[in-house]
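Visitor: Would you mind keeping the following structure in view while I ask a few things?
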Amino acid sequence: MDTLAVTGGEVLRPDHSIDPADVLIDTVTGTIDAVVEPGEVDADRELDASGGLVVPGLVNAHTHVAMTLFRGSADDKQLDDWLQEDIWPVEAELQAGDVRAGAALGIAEMIRSGTTAFADMYFFMPEVAAVVEEAGVRARLGHGAITVGKDDEAAHEDFRAGLEFAREYDGTADGRVRTMFTPHSLTTVDESFYREYVPKAREDDIPIHFHANETENEVDPLVEEYDQRPLEYADDLGLLAENSFLAHGVHVDDREIELLAERETAVIHNPASNMKLASGMAPVQKLLDAGVPVGLGTDGAASNNDLDMFDEMRDAAMIGKLAAGDARAVDAPAAVEMATAGSAAAVGFDSGRIEAGANADLAVIDLDKPHLTPRHDLLSHLVYAVKGSDVRHTVCDGTVLMADRELQTLDLEEVIDDARERAEALFDRAQA
Ligand SMILES: CSC[C@H]1O[C@@H](n2cnc3c(O)ncnc32)[C@H](O)[C@@H]1O
Ligand SMILES: [Zn+2]
Numbered sequence: 001m002d003t004l005a006v007t008g009g010e011v012l013r014p015d016h017s018i019d020p021a022d023v024l025i026d027t028v029t030g031t032i033d034a035v036v037e038p039g040e041v042d043a044d045r046e047l048d049a050s051g052g053l054v055v056p057g058l059v060n061a062h063t064h065v066a067m068t069l070f071r072g073s074a075d076d077k078q079l080d081d082w083l084q085e086d087i088w089p090v091e092a093e094l095q096a097g098d099v100r101a102g103a104a105l106g107i108a109e110m111i112r113s114g115t116t117a118f119a120d121m122y123f124f125m126p127e128v129a130a131v132v133e134e135a136g137v138r139a140r141l142g143h144g145a146i147t148v149g150k151d152d153e154a155a156h157e158d159f160r161a162g163l164e165f166a167r168e169y170d171g172t173a174d175g176r177v178r179t180m181f182t183p184h185s186l187t188t189v190d191e192s193f194y195r196e197y198v199p200k201a202r203e204d205d206i207p208i209h210f211h212a213n214e215t216e217n218e219v220d221p222l223v224e225e226y227d228q229r230p231l232e233y234a235d236d237l238g239l240l241a242e243n244s245f246l247a248h249g250v251h252v253d254d255r256e257i258e259l260l261a262e263r264e265t266a267v268i269h270n271p272a273s274n275m276k277l278a279s280g281m282a283p284v285q286k287l288l289d290a291g292v293p294v295g296l297g298t299d300g301a302a303s304n305n306d307l308d309m310f311d312e313m314r315d316a317a318m319i320g321k322l323a324a325g326d327a328r329a330v331d332a333p334a335a336v337e338m339a340t341a342g343s344a345a346a347v348g349f350d351s352g353r354i355e356a357g358a359n360a361d362l363a364v365i366d367l368d369k370p371h372l373t374p375r376h377d378l379l380s381h382l383v384y385a386v387k388g389s390d391v392r393h394t395v396c397d398g399t400v401l402m403a404d405r406e407l408q409t410l411d412l413e414e415v416i417d418d419a420r421e422r423a424e425a426l427f428d429r430a431q432a
């Protein structure tokens, strides 16, 4: 056994208590071996966490990581106009190398802000899988399949590609890449495709992830056509299950909330994207009270515009209070739970908790900062005051991915240069 000890810090436990402890990691299995009294470990190597707070690596449960190339290119528009006028015309010009560069940039950004795992639906997903492997993070990946704007044969090809990717790449990168089947949304995929392909995914036990109930424009047409709420329609299609998770769930009524709880289907809350696109306020406290599993995501960098999950926790707590009209709603423990154990469970990773047996995915936050002073309540700081740039070390699967803010697996300068070049060429092609 080869071991790494994270020593000298205070550790956030699964019950949200925080106390001084050392974390012993088995780097061969990539799991936490023990959490022990300070000074008791004897390990092959040590990572100094003194003066810091050791937290589970954050889990970004809904993103399109390569969309970092679109950051700042399309702001201040509602979802439909944003997608149709700005995003989709440029995505039509995407090449594999663009997705690789955008993914590397996004993954570098996530490692630098304490995120160790993410769920992603996009295009050219083998490229994303390759960067996940190289960077050392953990991810659940799906090829996003869509039927609008495609002829029948092209749409079938897209859906077959989605299933093929899910089957071929599951378990790669030493098990750090897991896969899923990802139809884009309830309104952009024709019903017949759901009827044909969802059973195929279910047969192979492939998790399903899709956008749903993000804007009112996604609700009304379905109610009109099917005389059903969108999530009743989704249930009829076999989309709601324990290993399904949907992004957004902003416009859900009480019956849909009940359905989600009954089916144990998780909602991934994306507060920044919902605010920026003016999609609405998800009823997060209501979902939690009803027993719906809730995770947290950034969505893509074009609608956020960063991938910092600390920002997202703060946004979730803030907008959760506004939505409920109650300052007690979505408190700090609820926001932390969403970004860690909640997201990890939704995505299907045994991460998001610092406890023996769990994946050794963690981040160390430097608390020695003016904006983190004094220290009345560190859980409060995590949600309301910490920034991604306060992360000192990031560890995933027992491997140190960032030490003292230096990336260990990616060359940051190269990643930034490459992303700049690819973004410029991509937007030039789109404007030609
Ligand atoms: C088919 S791959 C994913 C597809 O989703 C687009 N996208 C990015 N953000 C959102 C969002 O908030 N709602 C719906 N779709 C979104 C992305 O640009 C890709 O085309
Ligand atoms: Zn999305």
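Per UniProt numbering, residue 1 is the first one in the sequence shown, and the count goes up by one each step.
C-beta atoms are modelled at their ideal positions from N, C-alpha and C, and glycine is treated no differently.
Please report the distance separating the alpha-carbon of Val395 from that of Val54.
Guide: Their backbone Cα atoms lie some 10 Å apart in a straight line.
Visitor: Is it the case that the CB of Met121 approaches a heavy atom of ligand 1 more closely than 6 Å?
Guide: yes
Visitor: State the start and end residues of the unbroken alpha helix (DSSP H) segment that holds Val99.
Guide: Ala96 to Arg112
Visitor: Is Ala247 close to ligand 2? I mean its beta-carbon at under 6 Å from any heavy atom of the ligand.
Guide: Yes; taking the cut-off as 6 Å, the Cβ of Ala247 has a heavy atom of ligand 2 nearer than that.
Visitor: Whole angstroms is fine: what's the gap from Arg71's alpha carbon to Val41's?
Guide: 44 Å
Visitor: Could you give the distance in angstroms between the alpha-carbon of Tyr122 and the alpha-carbon of Asp2?
Guide: 36 Å
Visitor: From Ala212, Tyr197 and Ile25, pick the residue whose C-alpha is nearest to that of Ile206; which is it?
Guide: Tyr197
Visitor: Which runs of the beta strand (DSSP E) fall wholly inside the segment 199-258 and span at least 3 residues, in chain order?
Guide: 208-212 and 244-248
Visitor: To which residues of the same chain is Asn243 closer than 6 Å at the C-beta, ignoring the five residues directly before and after it?
Guide: Pro207
Visitor: If you draw a straight line from the C-alpha of Glu93 to the C-alpha of Leu426, how long is it?
Guide: 7 Å
Visitor: Going by Cα to Cα distance, which pick from Pro370, Gly342, His62 and Val28 is closest to Gly106?
Guide: His62
Visitor: Please name the residue, chosen from Ala332, Asp390 and Phe181, that lies closest to Glu109 on a Cα-to-Cα basis.
Guide: Cα-wise, what sits closest to Glu109 is Asp390.
Visitor: What do you reckon, are the CB atoms on Pro56 and Leu362 nearer than 7 Å?
Guide: yes
Visitor: Apart from the five residues on each side of it in sequence, which residues of its chain come closer than 8 Å, Cβ to Cβ, to Ala430?
Guide: Pro89, Val90, Ala92 and Glu93
Visitor: Can the beta-carbon of His16 be found closer than 7 Å to that of Leu379?
Guide: yes
Visitor: Where does Ala432 land, buried or exposed, given buried means 16+ other C-beta within 10 angstroms?
Guide: exposed
Visitor: Measuring alpha carbon to alpha carbon, tell me which of Thr7, Gly136, Leu79 and Leu246 ends up nearest Gln408.
Guide: Gly136
Visitor: Secondary structure at residue 433, three-state DSSP: helix, strand or coil?
Guide: Lying before the first or after the last residue shown, residue 433 is absent from the chain, which here runs from 1 to 432.
Visitor: So, with DSSP's three-state summary, where would you put Thr182?
Guide: strand
Visitor: Relative to the C-alpha of Asp44, which candidate in Ser50, Val23, Gly51 and Gln95 has its C-alpha closest?
Guide: Val23
Visitor: Buried or exposed for Val28, going by 16 or more other Cβ atoms inside 10 Å?
Guide: Val28 comes out exposed.
Visitor: When the Cβ atoms of the segment 173-190 are set against those of the segment 141-148, are three or more pairs found closer than 8 Å?
Guide: In short, these stretches touch, since the Cβ pair count reaches three.
Visitor: I'd like the list of long-range same chain contacts for Val131, defined as Cβ closer than 8 Å, with 5 residues on each side in sequence excluded.
Guide: Arg100, Ala103, Ala104 and Ile107
Visitor: Evaluate the contact criterion for the segment 77-89 versus the segment 314-329: three or more CB pairs, one atom per stretch, below 8 Å.
Guide: The segment 77-89 vs the segment 314-329: no contact.
Visitor: The alpha helix (DSSP H) spanning Leu379 covers which residue range?
Guide: Leu378 to Tyr384
Visitor: So does Asp236 have its beta carbon nearer than 6 Å to some heavy atom of ligand 2?
Guide: no
Visitor: If you drop the 5 nearest sequence neighbours on each side, which residues of the same chain put their C-beta closer than 6 Å to that of Ala34?
Guide: Leu24 and Ala356
Visitor: For Leu58, which of Gly388, Ala403 and Glu413 has the nearest alpha-carbon?
Guide: Gly388
Visitor: Find out if the Cβ-Cβ distance for the pair Val250, Ala282 is shorter than 7 Å.
Guide: yes
Visitor: State the start and end residues of the unbroken alpha helix (DSSP H) segment that holds His156.
Guide: Asp152 to Tyr169
Visitor: Under 8 Å, with one C-beta from each stretch per pair, do the segment 252-271 and the segment 285-305 reach the 3-pair mark?
Guide: yes
Visitor: Pick out whichever of Lys276, Asp120, Ile32 and Glu225 has its Cα sitting closest to the Cα of Phe245.
Guide: Asp120
Visitor: Three-state secondary structure (DSSP) at Val36?
Guide: strand
Visitor: With the cut-off set at 7 Å, would you say Gly97 and Ala49 are in Cβ contact?
Guide: no
Visitor: For Ala323 and Glu10, what's the separation of their Cα atoms in angstroms?
Guide: Their Cα atoms are separated by approximately 33 Å.
Visitor: When you compare only the Cα positions, how much space is there between Ala266 and Gly352?
Guide: Approximately 16 Å between the Cα atoms of the pair.
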